[in-house]
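Protein chains in written order, with the numbering used here: chain A, 1 to 286; chain B, 1001 to 1246.
We put the beta carbon where it would ideally sit given N, CA and C, even for glycine.
Please read these numbers as outputs of a predicted model, since none were measured by experiment.
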Amino acid sequence: MMENLLDVENLWVKFPTRQGVFDAVRGVSFSLGRERLGIVGESGSGKSMTGRAILRLIRSPGIVAADHINLDGVDLLKKTEKEMRAVRGRRISMVMQDPKFSLNPVTTIGDQIIEAYRLHNKTSKSEAYAKAIEMLNAVSIRDAERVMRAYPHEMSGGMGQRIMIAMMLIPNPEILIADEPTSALDVSVQRQVLDIMDGLVKERGMGLIFISHDLNLVADFCDRVLIMYAGRIVEVCEANKLHEAKHSYTRGLLNSLPRLDAPRDRLEVLKRDPAWSEAPSVSGRV
Amino acid sequence: MNMLEIENLDVWFGTARNRVEAVKAAIFDVAQGESFGLVGESGSGKSTILRAITGLAPNWSGRITVQQTALTKKRPKAFFKTVQMVFQDPYASLHPRHSVDQVLGETLHLHGFKQIDARVVKLLDDVGLGQKFRFRYPHQLSGGQRQRVAIARALAPEPALLLLDEPTSALDVSVQAEILNLLADLRQEHKLTYLMVSHDLSVVGHMCDRLAVMKDGEIVEIMDVAALQRMEATHPYAQHLLQASI
């Protein structure tokens, strides 16, 4: 039996609008052990919202409701905003999709990493500097000293994303939520960033929630996959068995991909079945 | 007959110390009715080639020939009737305060078409959108619908060569399949020639007849799709790219 780091039961995310309440996430339950859990789905399926809701990053008027979101048996929803700040970054951290929007454009990269480290650890500046260099080396950045002095716009997309990962891992969190960490990157760089993340997760025994729309990537990289559609989990499966998935939505997504080894004249177009969004959410708990 | 011929194309940005050679001595040609792919990582200069052809990257040297006419610095009006481009991000390439009708109507007007009203209707039908989308604004459309509008706009002057700059990389896989099918249909219907840029080898493998692999501004290999499907790349970088995308 694997120990559970995180346990989410019946999570809802709602946004009141003029046309009534919009449910972005509708009653999702899952648990996370020391594993790599993938969440896949199209845009608008609620996968990013699930990740954000765990860290309580959804701002008003958005509403997060759940029976519980337990981190080591403690309900995150019962914490005050101040207590949450001690959770974010230190215990659960998140890598966002686009490094261009998640780094401060007017501060050097070094200052930002040092700030992230010193916020969680009471150390001297020089110690934090050494730690930052060590972290940049850990994510395979050559010439770390120059990068420390550089500004975000001087970095390529792949470098920026690796810097984000370094920054998120520096407080040594137990859980890392990665929201489309590689979709802004090239295939060749993608592989590199994933390998780095994989190594760090294994080495430190972290839990990883990997949010992506790329089915092949998730099948390759994760241990277990949740497939989301219209705010609900429609299927849960082992990642290496994703290609044998049964749900017609998952099958439709898989078949709509062009493949090098099986060329076709026309790609299959997903035919949406209203029953998919009506069916109750499948539990992703172990 | 070749639709497009590129000979010794160099494209650069900046001057003196800051000069960056984005494309170095590119040579390839695209036959009439062919679909040609350009692949490579970001910064390899694949989009820059498209931009040099359309005139969006003004600093270039070498020879670009479209339908047997060599291009000069100033493009004639007929050029824009022959060559059109579809951009990567449908969220950024449509004017946020122009309705679909205005976008298509303006393009048709600039190219001197008559019966604009009937043509707008025809264009929307061609890309599978239909009448009810005619007076909508971009924010009322999904990503896939926006990309269809962008394709309709490119088709408006009845071009022969369509330049596609990562037309589906901002879209979901399910929507990507719809757009790729649409592009394949349109190519057959209008006898179009495609020059398509993508970082996704399987998309290029599906859409194109031949492709060029680029690295650091240079074309390292040109091969046909059958060779790609058999994984027969000769250049080490092309092999590496193939391996990464499986």
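What does DSSP give as the partner residue(s) for residue i in the beta ladder?
i          : result
His1098(B) : For His1098(B), which the question treats as bridged, DSSP gives no partner whatsoever.
Leu68(A)   : It should be pointed out that residue 68(A) corresponds to His in this sequence rather than to Leu. His68(A) is bridged to Glu9(A).
Tyr1194(B) : Ser1035(B), Leu1162(B)
Asn1002(B) : Ala1031(B)
Arg85(A)   : Beta-bridge pairing links Arg85(A) to no other residue.
Gln1131(B) : Per DSSP, none; premise fails for Gln1131(B).
Glu1218(B) : Lys1215(B)
Cys237(A)  : Val225(A)
Ala1070(B) : Thr1065(B)
Phe1087(B) : Paired residues: none, contrary to the question.
Met1223(B) : Leu1211(B)
Met159(A)  : Met159(A) is not bridged to any residue.
Ser93(A)   : Leu176(A)
Val74(A)   : Leu71(A)
Give me, in chain order, the residues of the same chain whose beta-carbon lies closer than 8 angstroms to that of residue i; leave out the 5 immediate sequence neighbours on both sides.
i          : result
Ala1238(B) : Val1213, Val1220, Glu1221, Met1223
Asp1209(B) : Glu1034, Ser1035, Phe1036, Asp1224, Val1225
Asn104(A)  : Gln112, Pro152
Val1235(B) : The sequence given here has His at residue 1235(B), not Val. Cβ within range, chain order: Val1213, Val1220, Glu1221.
Ser1099(B) : Arg1134, Phe1135, Arg1136, Tyr1137
Val147(A)  : Ile109, Gly110, Leu136, Ile141, Met155, Met159, Ile163
Between residue i and chain A, is there a C-beta pair that is closer than 7 angstroms?
i          : result
Gly1205(B) : yes
His1235(B) : no
Ser1202(B) : yes
Leu1180(B) : yes
Val1083(B) : no
Ser1042(B) : yes
Ser1169(B) : no
Asp1172(B) : yes
Ser1238(B) : Residue identity check: residue 1238(B) is Ala in the sequence provided, not Ser. No, Ala1238(B) lies away from the interface with chain A (no Cβ there is under 7 angstroms from its Cβ).
Within its chain, find whatever has a CB closer than 6 angstroms to the CB of residue i; leave out the 5 residues flanking it on each side and keep chain order.
i          : result
Asn4(A)    : Ser31, Gly33
Glu268(A)  : Asn255, Ser256
Ile1151(B) : Val1086, Val1127
Gly158(A)  : Leu185, Val189
Met1231(B) : Leu1242
Tyr249(A)  : Tyr229, Val234, Trp276
In the DSSP assignment, find the unbroken beta strand (DSSP E) run with residue i in it and report its ends.
i         : result
Pro16(A)  : 6-17
Ala24(A)  : 20-32
Asp179(A) : 175-179
Gly296(A) : Any question about residue 296(A) goes unanswered here, given that chain A covers just 1 to 286.
Ile211(A) : 207-212
Can you give me the Cβ contacts of residue i inside the same chain, cut-off strictly under 7 angstroms, excluding the 5 residues immediately before and after it?
i         : result
Cys237(A) : Val225, Ala245
Val139(A) : Arg162, Ile165, Ala166, Ile196
Determine, for residue i, whether the minimum Cβ-Cβ distance to residues of chain B falls below 7 angstroms.
i         : result
Ser248(A) : no
Glu42(A)  : yes
Leu217(A) : no
Arg191(A) : yes
Val269(A) : yes
Ser48(A)  : no
Val282(A) : no
Val87(A)  : no
Leu253(A) : yes
Val147(A) : no
Arg118(A) : no
Asp186(A) : yes
Arg26(A)  : no
Arg18(A)  : no
Arg232(A) : no
Arg266(A) : yes
Find the nearest neighbour of residue i within the set the options, judged by alpha-carbon distance.
i          : options                                        : result
Ser1061(B) : Pro1096(B), Gln1131(B), Val1020(B), Ala1025(B) : Ala1025(B)
Val282(A)  : Pro274(A), Arg232(A), Ser248(A), Thr50(A)      : Arg232(A)
Met94(A)   : Ile211(A), Asp265(A), Asp273(A)                : Ile211(A)
Asn1059(B) : Lys1073(B), Lys1046(B), Thr1065(B)             : Lys1073(B)
Ala279(A)  : Pro258(A), Arg285(A), Val234(A), Arg272(A)     : Val234(A)
Val8(A)    : Ile209(A), Gln97(A), Trp276(A)                 : Ile209(A)
Val64(A)   : Asn70(A), Leu119(A), Arg52(A)                  : Arg52(A)
Asp1200(B) : Leu260(A), His120(A), Asp265(A)                : Leu260(A)
Leu194(A)  : Ala1244(B), Arg1153(B), Val1203(B)             : Ala1244(B)
Met155(A)  : Arg1148(B), Val1149(B), Gln1145(B), Ser1042(B) : Ser1042(B)
Glu134(A)  : Gly160(A), Leu169(A), Lys122(A)                : Leu169(A)
Lys47(A)   : Phe221(A), Asp179(A), His243(A)                : Asp179(A)
Asp223(A)  : Ile39(A), Thr182(A), Val28(A)                  : Ile39(A)
I need the boundaries of the alpha helix (DSSP H) containing residue i, first residue and last residue.
i          : result
Phe1080(B) : 1077-1082
Asp1117(B) : 1116-1126
Ser277(A)  : 274-278
Asp195(A)  : 187-204
Ile1151(B) : 1143-1155
Asp111(A)  : 109-120
Closer than 6 angstroms: is that where the CB of residue i sits relative to any heavy atom of the ligand NAD?
i        : result
Ala24(A) : You won't find the ligand NAD in this model; it holds no ligand whatsoever.
Under 7 angstroms, Cβ to Cβ, is there at least one residue of chain E near residue i?
i         : result
Pro258(A) : Annotation note: the requested chain E is absent from the structure, which comprises protein chains A and B.
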